[in-house]
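Chemist: One structure, pasted below without further comment.
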Amino acid sequence: MTNSTLQANNYRKLSLVTSGQLSSDGAGVKLTRLIGNSELSMLDPFLLLDIFQSDKPQDYLGGFPSHPHRGFETVTYMLAGRMRHKDNVGNEGVISANGVQWMTAGRGIVHSEMPEQESGLLKGFQLWVNLPKKHKMTTPHYQEFSADKMTVEKRNDGGEIRVISGCTNNGVTGAVVNNYVKPTYLHVTLPANANFEQKLAVTDNTFIYMIFGSIDIGDSTEKLHKNQLGILTGGTSVKVVSNTATSFLLVSAMPLNEPVARSGPFVMNTKVEIIQAFNDLQNNRF
């Protein structure tokens, strides 16, 4: 997507609608890959977006055993169930419904993400966010917040906005601080026939994922429905009108416009750096 023809004060429109591709990862966890597949390889700076959702234990009990990362950030946001994470430097915690973990893998970390349950619904998202070249080898760190530590904007129409990062039009700011790509990550819940608007940096790349319900985008009748991902054009604002009670993620960030070299759990700028990452892992330098 290019921004050369952007005009001031315009609403973003839909440029692509996808339902993603069924996949599995970790030790056989069934999921839908919305970004990072053959249809949509990335949306700079977003490298991957998965949704896992099942009430069948065999679909998720294998979890994501220990695996490495370097050069980007992983964002886990839970809607139902519990996920325990551990890493090779002693960090450990549990993410549950409406909690988030924003992990900056930086120069390298080995961690696991395992379901903290043997039955019931497990539902959540994992988003991969690229790091700029000058910060790819930064020291790994976490920002983790349970549901009661999250910022929530209550709307007059009975809806709410859970603000993970960024700032709403009313000045409500999320708990996660990220100066690399200045992301906006909102979980918006609306009643039927509600209007919602969010200002964004004009050059941001932006998507909406529909958790449930149906919405119109912008000043048109372009619609997004349950389980659909909508990529938006450039513009200064997102405008949404809900057709039904609805819940969706609105995620936006500035593109890095840098070369991307990726192989499995590593995302760098060159193939040489990827080879170095594998060498460092094999020689216990993570």
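All you need for this note's numbering is the position in the sequence shown, starting with 1, plus 4. Even glycine gets a Cβ: it sits at the ideal position worked out from N, Cα and C.
1) What first and last residue would you give for the alpha helix (DSSP H) that runs through Phe282?
2) Helix or strand or just coil, what does DSSP make of Gln62?
3) Just to confirm the assignment, what range does the beta strand (DSSP E) spanning Met107 have?
4) From Leu83 to Arg74, what distance separates their C-alpha atoms?
5) So Phe252 packs on Tyr213, CB below 8 Å; how close in whole Å?
6) Just reading off the beta strand (DSSP E) that Gln130 is part of, what are its end residues?
7) Since Thr78 and Met107 should fall inside the 8 Å C-beta cutoff, what is the C-beta to C-beta distance between them, to a whole number of angstroms?
8) Consult DSSP for Asp152 and reduce its assignment to one of helix, strand or coil.
9) Whole angstroms is fine: what's the gap from Gly30's alpha carbon to Ala198's?
10) Touch check for the region 237-246 and the region 38-57: three-plus C-beta pairs under 8 Å?
11) Is the beta carbon of Thr193 closer than 8 Å to that of Glu148?
12) Decide yes or no for the touch test of the region 205-225 against the region 245-259: beta carbon pairs closer than 8 Å, at least 3 of them.
13) Report the residue from Gly85, Met118, Gln232 whose alpha carbon sits nearest the alpha carbon of Ser19.
14) Looking at the secondary structure, which residues open and close the beta strand (DSSP E) in which Ala265 lies?
15) Can you check the region 224-271 for any beta strand (DSSP E) of at least 3 residues that lies completely inside it and give the ranges in chain order?
16) Expressed to the nearest angstrom, what Euclidean distance is found between the alpha-carbon atoms of Leu131 and Lys17?
17) Who are the Cβ neighbours of Leu65 in its own chain at under 8 Å, not counting the five residues just before and after it?
18) Measure the C-alpha to C-alpha separation of Gly128 and Ser70 and round it to an integer number of angstroms.
19) Quick one: what's got a C-beta closer than 6 Å to Ser256's C-beta in the same chain, skipping five residues either side?
20) Below 8 Å between beta carbons: does that hold for Ser294 and Lys137?
21) If we count the other Cβ atoms within 10 Å of its Cβ and call it buried at 16 or more, is Val104 buried or exposed?
22) Just how far apart, CA to CA, sit Ala101 and Pro263?
23) Kindly indicate which residue of Asn288, Ala265, Gly222, Phe282 has the alpha-carbon position closest to the one of Tyr15.
24) With 16 other CB atoms within 10 Å as the buried threshold, where does Arg166 fall?
25) Looking only at its chain, what residues have a beta carbon closer than 7 Å to the beta carbon of Phe282, apart from the 5 residues adjacent to it on each side?
26) Please check the pair Gly85 and Leu26, which I expect to be a contact at CB under 8 Å, by giving their CB distance rounded to whole angstroms.
27) In the DSSP assignment, find the unbroken beta strand (DSSP E) run with Ala84 in it and report its ends.
28) Do you know whose CA, among Tyr184, Asp161, Asn160, lies nearest Ser169's CA?
29) Since Met214 sits in a beta bridge, which residues does DSSP pair it with?
30) Considering only DSSP beta bridges, list what Gly97 is partnered with.
Modeler: Taking the coordinates as given:
1) In the sequence shown, the residue the question calls residue 282 occupies position 278. Start and end: 275-286.
2) Residue mapping note: residue 62 aligns to position 58 of the sequence shown, counting from 1. Three-state DSSP puts Gln62 in a helix.
3) Within the sequence shown, residue 107 is the residue found at index 103, counting from 1. That run of the beta strand (DSSP E) goes 104-108.
4) Numbered from its first residue, the sequence shown carries residue 83 at position 79. Numbered from its first residue, the sequence shown carries residue 74 at position 70. For Leu83 and Arg74, the distance between alpha carbons rounds to 26 Å.
5) Walking along the sequence shown from the start, residue 252 turns up at place 248. Walking along the sequence shown from the start, residue 213 turns up at place 209. Indeed they touch by this definition, with Cβ atoms about 6 Å apart.
6) On the sequence shown, position 126 is the one that residue 130 refers to. Start and end: 126-134.
7) Working through the sequence shown from its first residue, we reach residue 78 at position 74. Working through the sequence shown from its first residue, we reach residue 107 at position 103. Confirmed, Cβ separation roughly 5 Å.
8) Sequence index remark: in the sequence shown, residue 152 carries index 148 (1-based). Looking at Asp152 - three-state DSSP - the assignment turns out to be helix.
9) By 1-based counting over the sequence shown, the position of residue 30 is 26. By 1-based counting over the sequence shown, the position of residue 198 is 194. Spanning the two alpha carbons is a distance of roughly 39 Å.
10) no
11) Start at 1 with the first residue of the sequence shown, and residue 148 comes out as number 144. Start at 1 with the first residue of the sequence shown, and residue 193 comes out as number 189. Contact flag unset, no.
12) yes
13) Sequence index remark: in the sequence shown, residue 19 carries index 15 (1-based). Of the candidates Gly85, Met118, Gln232, the one whose C-alpha sits nearest the C-alpha of Ser19 is Gln232.
14) Residue numbering aside, residue 265 sits at position 261 when the sequence shown is read from its first letter. Note, Ala265: beta strand (DSSP E), 265-267.
15) 226-229, 233-236, 241-246, 250-257, 265-267
16) Taking the sequence shown and counting its residues from 1, one reaches residue 131 at position 127. Taking the sequence shown and counting its residues from 1, one reaches residue 17 at position 13. Rounded to whole angstroms, Leu131 to Lys17 spans 22 Å at the Cα level.
17) In the sequence shown, residue 65 corresponds to position 61, counting from 1. Correct list, in chain order: Pro119, Glu122.
18) Here residue 128 refers to the residue found at position 124 when the sequence shown is read from its first residue. Here residue 70 refers to the residue found at position 66 when the sequence shown is read from its first residue. Using only the alpha carbons, I get a separation of about 19 Å.
19) The count along the sequence shown starts at 1 and reaches residue 256 at position 252. Correct list, in chain order: Thr188, Leu204, Asp208, Thr210.
20) In the structure as shown, the chain begins at 5 and stops at 290. Residue 294 is therefore absent and cannot be evaluated.
21) Taking the first residue of the sequence shown as 1, we reach residue 104 at position 100. That one is buried.
22) Within the sequence shown, numbered from 1, the residue matching residue 101 stands at position 97. Within the sequence shown, numbered from 1, the residue matching residue 263 stands at position 259. Those two C-alpha atoms are separated by around 36 Å.
23) In the sequence shown, the residue the question calls residue 15 occupies position 11. For Tyr15, the nearest C-alpha among the options comes from Gly222.
24) Residue numbering aside, residue 166 sits at position 162 when the sequence shown is read from its first letter. By the neighbour-count rule (16 or more Cβ atoms within 10 Å), Arg166 is buried.
25) One-based indexing of the sequence shown puts residue 282 at position 278. There are no such residues.
26) Your numbering for residue 85 matches position 81 in the sequence shown. Your numbering for residue 26 matches position 22 in the sequence shown. The Cβ separation is near 20 Å, so there is no contact.
27) The sequence position of residue 84 within the sequence shown is 80, counting from 1. Ala84 -> beta strand (DSSP E) spans 76-84.
28) Residue 169 sits at position 165 when you count from the first residue of the sequence shown. Nearest of Tyr184, Asp161, Asn160 to Ser169, Cα basis: Tyr184.
29) Locating residue 214 in the sequence shown gives position 210, counting from the first residue. Bridge partners of Met214: Phe252.
30) Reading the sequence shown from its first residue, position 93 is the one you call residue 97. DSSP lists His89 as partners of Gly97.
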